[in-house]
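Structure first, commentary second.
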Amino acid sequence: MVRYDTEGVKIVLTAPRGEMSRYNGDPFGAFIAVFPEKVIPRPILRPEWFKPEDNEDGSAKFLPYGLRKVEALLLRAFPREDIVACHPDHLERFVGPKTKVVGITSMDPMGLAYVSLTYNSMIAVPGESVDAIEFRRVIENPALRRYDPTILLGGAGAWQVRHAGKVEEFGIDALVHGEGELTVLDVFQKAVAGDPLPREVHGSKVPIEFIPPILSGASYGVVEITRGCGRGCQFCSPTNRRRHSLPIPHILKEVEVNVKAGSDSIFFATEDLFLYECGPKFEPNGPAMARLIEAVGNVPGVDFIHLSHIAIAPVAYDPKAVEMISPLLLEKTRYTHEYRSEYKDPFVTALFGIESGSIRIMKKYMRGKIWPFPIEQYHEINVQGAGILNDNGWKPMATLISGWPDETPDDTVQTLELIDKLKGHDLFLVPLLFIPLEDTKLKNERRVSLDNFTPEQWDFFAEAWRFNIDVWAKELQPLFTFASLFSYFTYFRWKHGRKVFRPIMKIANLPLIGGMPEKFPPRGPASVNPRYCADDEAMVAKAAEAMSIPVEPGMPDAGAAPIEIMRR
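Residue numbering for the sequence shown follows the working numbering, beginning at 1 and increasing consecutively.
Right, dumping it as structure tokens:
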């Protein structure tokens, strides 16, 4: 237990409540916070999720992993009593006249990340996302206004505040981007000393020996097992980082820290599990992954192991590596019948990126996505890899993106074709809009507007969610049908226009026999066109001439002309 100065701790570290929460141990629960607060039912957004989990001295038991790294770096230069990592509800307890710096991290402070921007644009309900509201609660805390410490903002979403033009309004002194091991300590030391700071600080690539282990518990029991990627996807920032596989002793130190803090689960942070000790051409190293999983699983107190990301190419390249690690992961999975009654069998899950089914788009922006396979085999590798994962007890999630800078209807159709080929596999598809993220090669591109969405792009979203309903919630189809029709006629019809009728009917699983009437409700002036109710003699005669209808001899209509049969 640390005794902190009641007049303010020199350095205070915190994050928004939505990013501090562990959502009852389910990492995917955090996705709830990307939606507008107005559309999330109160029973789903549970108040207890945002309550502090504290140590006896008021410091936080768990903190976002990146902020724990910052804390570990600061403790190399400052005494423990000069640094507190706390829940934002306790800022008024720890921020005072002696506080010099408040460091804040946020993944999505303005709601501009992939999932939040995509679905907030579609829902189109006025108001901020839960994550954005919680960030504003931190930045507008009365203690920060009263004592005016230097405010540093870092995390993957720091760029969003500049993009939104809110840096001055929020009183932020410096934005810190990228990897921080070589830059963060210097920034904090200057801030404590009162020296001038640059408005933005960009971290550089970090040698593995400079990566410190965390010293206190991270949310979800996160431990970093690899850093960087190397496949060169132009829309993604981790590809710019030097690729490392952290050694097992380093990883186990972080595992033990998390278990000691009270976490019964460990979450592997990685751009791709199969990068761990992989070969020069991304060949997966099954024995190395098995050693890692066994070592972590054998630590007393580790009941569950979660995975963040995988790539599909290594699965197809070496199915035996998947066979080697799957029993170890199934033994430590949280996703069992005991966890949720609808899960009949235990399964492993992780996220991989499909992104597009267009070979042209893949060649232009993601040529190394399935290396060492040629990109022309992209459809086959994804289908083959999904089958291998399913056969070994995996039910992965996969992201797909529409709205690429120069995407054509033909590109979108190729993605729809890939979705069709994946039918019959247990996947959860996450369709998204292209977002030009900071620190990527495509950062200067313009993001697509729903106003300019093509029918094929609307169909892309509908097909993905139709796929998910069929795999994960087919028994709930009546509910989806009602919700789709209700939302269309009461809201989406007016917000996005009739162009969304077809995709919504697809989600509703209703046949689309024609267009929508010009006006709704029925019996309006344009709800019925008389010509649809009468025979078109000319068209019937023309069709009759072009076809032959076989009739068995002796049938009552044997002597009738084809036109008469068609009329009857």
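Even glycine gets a Cβ: it sits at the ideal position worked out from N, Cα and C. Only a predicted model underlies this, so the values are computations on that prediction, with no experimental measurement involved.
Within the segment 163-198, the complete beta strand (DSSP E) runs of at least 3 residues fall at 174-177.
For residue 190, the closest of 204, 205, 174 and 179 by C-alpha to C-alpha distance is 174.
Nearest neighbour of residue 250 by Cα position, chosen from 130, 213 and 474, turns out to be 213. The DSSP-derived three-state label of residue 419 is helix. In this chain, the beta strand (DSSP E) harbouring residue 223 covers 222-224. Residue 427 and residue 66 have their C-alpha atoms spaced approximately 29 Å apart. Per the coordinates, the alpha-carbon of residue 385 lies some 52 Å from the alpha-carbon of residue 100. Annotation note: the segment 378-404 contains the following uninterrupted alpha helix (DSSP H) runs of length 4 or greater, listed N- to C-terminal: 378-391. Put simply, the backbone Cα of residue 246 is about 46 Å away from that of residue 504. When secondary structure is reduced to three states using DSSP, residue 210 falls in the helix class. Collapsing the DSSP output to three states places residue 264 in coil. For residue 294, same chain residues with a beta-carbon under 7 Å away, outside a window of 5 residues either side, are 328 in chain order. Judged by DSSP secondary structure, residue 500 falls outside any beta strand (DSSP E); it is assigned neither H nor E. If one requires a minimum length of 4 residues, the alpha helix (DSSP H) runs lying completely within the segment 123-149 are 130-139 and 142-147, in chain order. Residue 151 has 102 as its beta-bridge partners, per DSSP. In this model, residue 435 and residue 16 are separated by some 23 Å (Cα to Cα). When 51, 286, 511 and 220 are compared, the shortest CA-CA separation from residue 254 is found for 220. Taking the Cα positions, residue 135 is about 8 Å away from residue 110. Leaving aside the five residues that flank residue 164 on each side, the residues in its chain whose CB is nearer than 7 Å to its CB run, in chain order, 110.
Here residue 233 has 239 and 366 as same chain residues with Cβ atoms under 6 Å from its own Cβ, once five neighbours each way along the sequence are excluded.
Residue state for residue 54 is assigned as strand, using DSSP reduced to three classes.
By a beta-carbon distance limit of 8 Å, residue 4 contacts residue 84. Their separation comes to about 6 Å. At a Cβ-Cβ threshold of 8 Å, residue 358 and residue 411 count as neighbours.
Residue 456 has its alpha-carbon roughly 45 Å from the corresponding atom of residue 263. Taking residue 451 as the centre and dropping the five residues before and after it, the same chain places no C-beta closer than 8 Å to its C-beta. Between the segment 382-399 and the segment 306-319, the count of Cβ pairs shorter than 8 Å is three or higher; the stretches touch.
Residue 200: member of the beta strand (DSSP E) spanning 200-202, first to last residue.
With contacts defined as CB atoms closer than 8 Å, residue 448 and residue 403 qualify as a contacting pair.
Across the structure, residue 368 and residue 59 are spaced so that their CA atoms are roughly 44 Å apart. Assignment of residue 355 by DSSP, reduced to helix, strand and coil, places it in the strand class. Taking 8 Å as the cut-off, the beta carbon of residue 399 is found closer than this to the beta carbon of residue 351. The continuous stretches of beta strand (DSSP E) do not include residue 287, which lies in the alpha helix (DSSP H) extending over residues 286-297. Within the same chain, Cβ atoms closer than 6 Å to the Cβ of residue 139 are found at 170, the five residues on either side in sequence being excluded.
A straight line joining the alpha-carbon of residue 487 with that of residue 458 spans about 16 Å.
Here residue 72 carries a helix assignment [DSSP, helix/strand/coil]. Residue burial is scored here from C-beta neighbours: residue 194 has fewer than 16 other C-beta atoms within 10 angstroms and is therefore classed as exposed.
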